[in-house]
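Below is one structure, written out as structure tokens; the observations come after it.
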Amino acid sequence: MKTKINVILGLLVGSLFIWLAFRGTDIEGIKSSFKAANYLYLIPIVFLTIIILMLRSYRWGVILEPLEKIDQWSLFSITAVGFMAIVLLPVRMGELARPYLISQKSTIKMGSSLATVVVERIFDMLTLLMVLLLILMMVKLPAWIFRSVCSILLIVIPLFLVLIFLAVKREVSVKSIDRIIGKLPKTLSSRLMRSLHSFLDGLQILPDLKKTFYLASLSLLIWSLVGLSTYILFLSFESMLGLSLAAAYVVLVITALGVTLPTAPGFIGNYHFSCVLALSLFGIPKTDALTFAILLNFIQVMVTITLGLIFLPFIKVSLPALFRGGEQVDSNRNR
Numbered sequence: 008m009k010t011k012i013n014v015i016l017g018l019l020v021g022s023l024f025i026w027l028a029f030r031g032t033d034i035e036g037i038k039s040s041f042k043a044a045n046y047l048y049l050i051p052i053v054f055l056t057i058i059i060l061m062l063r064s065y066r067w068g069v070i071l072e073p074l075e076k077i078d079q080w081s082l083f084s085i086t087a088v089g090f091m092a093i094v095l096l097p098v099r100m101g102e103l104a105r106p107y108l109i110s111q112k113s114t115i116k117m118g119s120s121l122a123t124v125v126v127e128r129i130f131d132m133l134t135l136l137m138v139l140l141l142i143l144m145m146v147k148l149p150a151w152i153f154r155s156v157c158s159i160l161l162i163v164i165p166l167f168l169v170l171i172f173l174a175v176k177r178e179v180s181v182k183s184i185d186r187i188i189g190k191l192p193k194t195l196s197s198r199l200m201r202s203l204h205s206f207l208d209g210l211q212i213l214p215d216l217k218k219t220f221y222l223a224s225l226s227l228l229i230w231s232l233v234g235l236s237t238y239i240l241f242l243s244f245e246s247m248l249g250l251s252l253a254a255a256y257v258v259l260v261i262t263a264l265g266v267t268l269p270t271a272p273g274f275i276g277n278y279h280f281s282c283v284l285a286l287s288l289f290g291i292p293k294t295d296a297l298t299f300a301i302l303l304n305f306i307q308v309m310v311t312i313t314l315g316l317i318f319l320p321f322i323k324v325s326l327p328a329l330f331r332g333g334e335q336v337d338s339n340r341n342r
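Here it is, written out as structure tokens:
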């Protein structure tokens, strides 16, 4: 039932953003924009997308290492399939695929693997927001962007600090939480405490300052390459030839924040509206902006799905089983 609700929610939100993105757009103008685009620039974007996924896999391995050292082939296979699930499942339900798969293919518990993904996503969010703050010092943008970034940072930074505290002061944290949870029925409290210990195991890398900085560096490298792929596609459009690398990162961050909302499969709608909104800040015609969004989203989604399908046989899980596993985890998590 919950899965059906998620699907409906994702489709409704995606449809709304598709309508907003295409509203008032000249379809003939979009056709002309597609004809005028230089598709040769899609080739380096394909290779960059693959490299970015490899770096994501490697970074996840660094986070997982205190729990168990996983060979890079297995990690990349699971990462490729996991990101395919993120693309194919609505409302980002696919985020549960990687924790589920790694818990099935190693001794790492589901709660621990889920914690490593939380750490990974927080590093992603902090990197993106810090990059945008730096750009705001160099490029004049509307005040609402600065306010939005600060508002999100007021949520993300405290959350990150809480995770660090839980990891560094684990014993104190467990005792404090146990005093609260201990008031619940014994069966429920025991289950919650087991889940807590499992989750805290996944945070073991955070007290290691050297590795934390290493993760930050890897995150910066990953998003630098994502920004570079955005900039390369600028070169496909005559109206965007004057845009700078800083503009590419503005488009990247706003689009990335847009797809954190509930979304349809393939990020359809959210991605396109956010991208058009970002490009409008630089005076790009809506027809070119929408064509740009369609092309960049299409190439990234198709490369991700292709890699996922290629590596699916290596993890010996069928697509239906993968989706059922993710749904089962999602249901268990919300019980």
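Quick note on numbering: the sequence shown equals residues 8 to 342 in the numbering used here.
Note that beta-carbon positions come from the ideal geometry of N, C-alpha and C, so glycine has one too.
Item                                                                                                                                                                                           : Value
Determine the contact status of Ala174 and Leu143, defining contact as a CB-CB distance below 7 Å.                                                                                             : no
Using the Cβ count rule (16 or more neighbours within 10 Å means buried), how would you classify Val125?                                                                                       : buried
On the CB-based measure, 16 or more other CB atoms within 10 Å of its CB, does Lys293 come out buried or exposed?                                                                              : buried
In chain order, what are the residue ranges of uninterrupted alpha helix (DSSP H) at least 4 long that sit wholly in the stretch 140 to 212?                                                   : 150 to 175, 177 to 188, 193 to 208
Give the DSSP-derived three-state secondary structure of Ile115 in the structure shown.                                                                                                        : coil
In angstroms with no decimal places, state the Cα-to-Cα distance between Gly89 and Leu55.                                                                                                      : 18 Å
Could you tell me which of Ile312, Val94, Ile109 sits nearest to Ser81, measuring between CA atoms?                                                                                            : Ile109
Less than 8 Å between the CB atoms is what I'm expecting for Trp343 and Val138, so what's the real figure, rounded?                                                                            : This structure leaves residue 343 out entirely; the chain is present only between 8 and 342.
Kindly indicate which three-state DSSP category Glu102 falls into: helix, strand or coil?                                                                                                      : helix
To the nearest angstrom, how far is the alpha carbon of Ala263 from that of Ile188?                                                                                                            : 36 Å
Out of Gly17, Asn45, Ile52, Tyr48, which has the shortest C-alpha to C-alpha gap to Met309?                                                                                                    : Ile52
My guess is that Ala285 and Val257 are in contact by the Cβ rule of under 8 Å, so how many angstroms apart are they, rounded?                                                                  : 6 Å
State buried or exposed for Leu329, treating a residue as buried only when at least 16 other CB atoms are found within 10 Å of its CB.                                                         : buried
Pick from Leu27, Ser246, Leu18: whose alpha carbon is nearest that of Leu96?                                                                                                                   : Leu18
Near Leu6, what residues of its chain come up, given a Cβ to Cβ distance below 8 Å and the 5 sequence neighbours on each side ignored?                                                         : The first residue shown for the chain is 8 and the last is 342, placing residue 6 beyond what the model contains.
Just to confirm my understanding: we take Ile12, look at its own chain, exclude 5 residues before and 5 after, and list those with CB closer than 6 Å. What are they?                          : none
Go ahead and pull the three-state DSSP assignment for Glu35.                                                                                                                                   : helix
In whole angstroms, what separates the C-alpha of Val233 from that of Ser205?                                                                                                                  : 32 Å
Starting from the C-beta of Val336, find all residues in its chain whose C-beta is less than 8 Å away, skip the five residues before and the five after it, and write them out in chain order. : Note on Val336: pLDDT 48, under 50, position unreliable in the model; the coordinate value appears next. Contacts found: Leu103, Pro106, Tyr107, Met117.
Take the Cβ of Ala43 as the centre, count every other Cβ of all protein chains shown within 10 Å, and call the residue buried at 16 or more, exposed below.                                    : exposed
Using beta-carbon positions only, say whether Leu135 and Val283 come within less than 7 Å of one another.                                                                                      : no
Once DSSP output is grouped into helix, strand and coil, what is the label at Thr267?                                                                                                          : coil
Skipping 5 residues on each side, what residues in its chain have a beta carbon closer than 7 Å to that of Gly41?                                                                              : Per the sequence shown, residue 41 should be read as Phe rather than Gly. Correct list, in chain order: Thr298.
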